[in-house]
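A.B. asks: In our numbering, the protein residues as written are 21 to 446.
Quick one: structure below, then a few questions.
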Amino acid sequence: MSLGLQIGLALASVGILIGLIAAVRVVAQRQGWSAELQRKLVHIGTGLYALVLPWLFAEDWPIYLLLGLALIVMTGLRFAKGGLGGTLHGVERNSYGDYLLAVAIGAVLLLSERDMLLYSLPLAVLALSDAAAALAGSTYGKRFYAVEDGRKSFEGSAIFFLVTLVIAMSVLILTQAQTGPETLLLALLVAVFGTQFEADSWRGFDNLFLPLGLLIILAVHRDSPVETLLALALVYLAALAMVPLISGALGVSKHVTRVYLVAFFLILSVTEWSNAVLPACVLAAHLMIRRIAPSEDPFPELDVVAGLALISFGWLALGFAMGPNALGFYAMTCAGLAAALVALGTPLWGAVAGVFLVGFCAVFVPLSGEAVGAFLVPLSAVSVAIMVAISALRPTLFARLRVLKLALLALAVPLGAYGVQFGGGG
Numbered sequence: 021m022s023l024g025l026q027i028g029l030a031l032a033s034v035g036i037l038i039g040l041i042a043a044v045r046v047v048a049q050r051q052g053w054s055a056e057l058q059r060k061l062v063h064i065g066t067g068l069y070a071l072v073l074p075w076l077f078a079e080d081w082p083i084y085l086l087l088g089l090a091l092i093v094m095t096g097l098r099f100a101k102g103g104l105g106g107t108l109h110g111v112e113r114n115s116y117g118d119y120l121l122a123v124a125i126g127a128v129l130l131l132s133e134r135d136m137l138l139y140s141l142p143l144a145v146l147a148l149s150d151a152a153a154a155l156a157g158s159t160y161g162k163r164f165y166a167v168e169d170g171r172k173s174f175e176g177s178a179i180f181f182l183v184t185l186v187i188a189m190s191v192l193i194l195t196q197a198q199t200g201p202e203t204l205l206l207a208l209l210v211a212v213f214g215t216q217f218e219a220d221s222w223r224g225f226d227n228l229f230l231p232l233g234l235l236i237i238l239a240v241h242r243d244s245p246v247e248t249l250l251a252l253a254l255v256y257l258a259a260l261a262m263v264p265l266i267s268g269a270l271g272v273s274k275h276v277t278r279v280y281l282v283a284f285f286l287i288l289s290v291t292e293w294s295n296a297v298l299p300a301c302v303l304a305a306h307l308m309i310r311r312i313a314p315s316e317d318p319f320p321e322l323d324v325v326a327g328l329a330l331i332s333f334g335w336l337a338l339g340f341a342m343g344p345n346a347l348g349f350y351a352m353t354c355a356g357l358a359a360a361l362v363a364l365g366t367p368l369w370g371a372v373a374g375v376f377l378v379g380f381c382a383v384f385v386p387l388s389g390e391a392v393g394a395f396l397v398p399l400s401a402v403s404v405a406i407m408v409a410i411s412a413l414r415p416t417l418f419a420r421l422r423v424l425k426l427a428l429l430a431l432a433v434p435l436g437a438y439g440v441q442f443g444g445g446g
């Protein structure tokens, strides 16, 4: 396929997206459809179109171009709620789902390397199960459970589970060379974990967490034997049963506790336990200072998980795209973020925590084998020292949008170092 044809197809795809939004808006005004129904119809259409992108484009870059243009269009629609923007943003709740959907499609494409199972199944669940759950819950929901920014229905979650199970079984049977009890077990795990991701997500983050979480589970366990899958299910169910006890000990809601549990399950699925220590330190630091230096953000306990997830997925995608392992730089980012959080409460303890975290980076974090070991420790020390100093000297800067601001600061030195070290192709 020629360069011009691929660019033209990308532009045409953006036109199709705008046409879909316009068509849904016109019909909705005639039929009196709710804002939620309009939004989910666009969601379904976009997700299903995304499924065919690897077959439409011979290379990946036109797809990323398409997604970038789609983000620009959605940004414009966000400020035009009275027109076409009402199709996506007519719902009352604050959601980033439209942006995160585009980001998720790009991330799944990158990490799946066009593997049919890893690409198709997560996006099919996102397109169909999520919309089915939302529509069923809003129409037939009678029994509800609380989440931090509202409530969701048991009926919607049940529909999500059933639709996901059917999708998972269908895709696994089509893509796996062998089928048997392990296929059914893996499909059940995908349905259970997917339902958990959707149920406990907020502000549209399920559009990102759901497909990437399922991709990780499939990548790790697509060839696991029955015994491993059963053990995984039992451990996870046991952890869920302990949620009330853990939430009471931590002094946070059950929803937050479940989100923490899912986050650590995913981290431990793709790395060794030692590499989960620094992300755990970020959560522990936030829990330690949330009363000493309370945030003015509405959901700080969830924000810290969202920030940690975006950092984790971001470094995973960057390392995957560039080639060299980004694990040491990811550890540096987590160390800086954790130390800065502690410093917001007590500057002295922030400095102590920084020393400990830099030492952990030096001793326990496996490096990629590239020539990063010589400067990782001093660079980590510089990064952590900067973070502690800024937090201790200007804590009022982080009263609002705390995790976002600190995460961006924590990324500055590691990203710069990674770019210098590997950006030239060396």
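Here a beta-carbon is modelled for each residue, glycine too, at the ideal position from N, C-alpha and C.
If I measure Cβ to Cβ from M407 and keep anything under 8 Å in the same chain, skipping five residues before and after, which residues do I get?
C.D. replies: Closer than 8 Å at the Cβ level, and outside the excluded window around M407, lie G356, L357, A359, A360, A363, G374, L426, L429 and A430.
A.B. asks: Hey, out of G339, A296 and I309, whose CA is closest to L328's CA?
C.D. replies: Selected option, being the one with the closest Cα: A296.
A.B. asks: To the nearest angstrom, report how far apart L281 and A259 are at their CA atoms.
C.D. replies: Looking at the two C-alpha atoms, the distance is approximately 8 Å.
A.B. asks: Verify whether the separation of the beta carbon atoms of L37 and V93 is less than 8 Å.
C.D. replies: The answer is yes: Cβ separation under 8 Å.
A.B. asks: Taking 8 Å as the threshold, find out whether the segment 146–154 comes into contact with the segment 79–91 through three or more Cβ pairs.
C.D. replies: At 8 Å Cβ cutoff, the stretches do not touch.
A.B. asks: Where does the unbroken beta strand (DSSP E) through F164 begin, and where does it stop?
C.D. replies: Note, F164: beta strand (DSSP E), F164 to V167.
A.B. asks: Considering only the beta carbon of each residue, do S158 and A219 sit closer than 8 Å?
C.D. replies: No, Cβ-Cβ distance for S158 and A219 is not below 8 Å.
A.B. asks: Taking its Cβ as the centre, do 16 or more other Cβ atoms sit within 10 Å of D243, making it buried, or is it exposed?
C.D. replies: Looking at its Cβ environment, which holds fewer than 16 other Cβ atoms inside 10 Å, D243 is exposed.
A.B. asks: So, is F217 buried or exposed, given that buried needs 16 or more other C-beta atoms within 10 angstroms?
C.D. replies: Under this definition F217 is a buried residue.
A.B. asks: So what's R134 in DSSP terms, helix, strand or just coil?
C.D. replies: Correct three-state label for R134: coil.
A.B. asks: Determine the extent of the alpha helix (DSSP H) in which W335 is found, giving its start and end residues.
C.D. replies: Here the alpha helix (DSSP H) through W335 covers P320 to M342.
A.B. asks: To the nearest angstrom, how far is the alpha carbon of L23 from that of L232?
C.D. replies: If I take the Cα positions, the gap works out to 30 Å.
A.B. asks: Out of S190, T95 and A122, state which residue places its alpha-carbon closest to the alpha-carbon of M136.
C.D. replies: Nearest of S190, T95 and A122 to M136, Cα basis: S190.
A.B. asks: I'd like to check one pair, R171 with F180: are the Cβ atoms closer than 8 Å?
C.D. replies: Their beta carbons are not under 8 Å apart, which means F180 does not touch R171 by this criterion.
A.B. asks: Name the two residues that bound the continuous alpha helix (DSSP H) containing L75.
C.D. replies: According to the sequence displayed, residue 75 carries Trp and not Leu. Its alpha helix (DSSP H) spans residues L73 to L76.
A.B. asks: Closer than 8 Å by C-beta to S140: which residues in its own chain qualify, once you throw out the five before and the five after it? Chain order, please.
C.D. replies: Counting only Cβ-Cβ distances below 8 Å, and skipping sequence neighbours, we find L71, V191 and T195.
A.B. asks: Could you tell me the boundaries of the alpha helix (DSSP H) in which N227 lies?
C.D. replies: Per DSSP, N227 belongs to the alpha helix (DSSP H) from D226 to H241.
A.B. asks: Taking Cβ positions, are P320 and R422 nearer each other than 8 Å?
C.D. replies: Contact flag set, yes.
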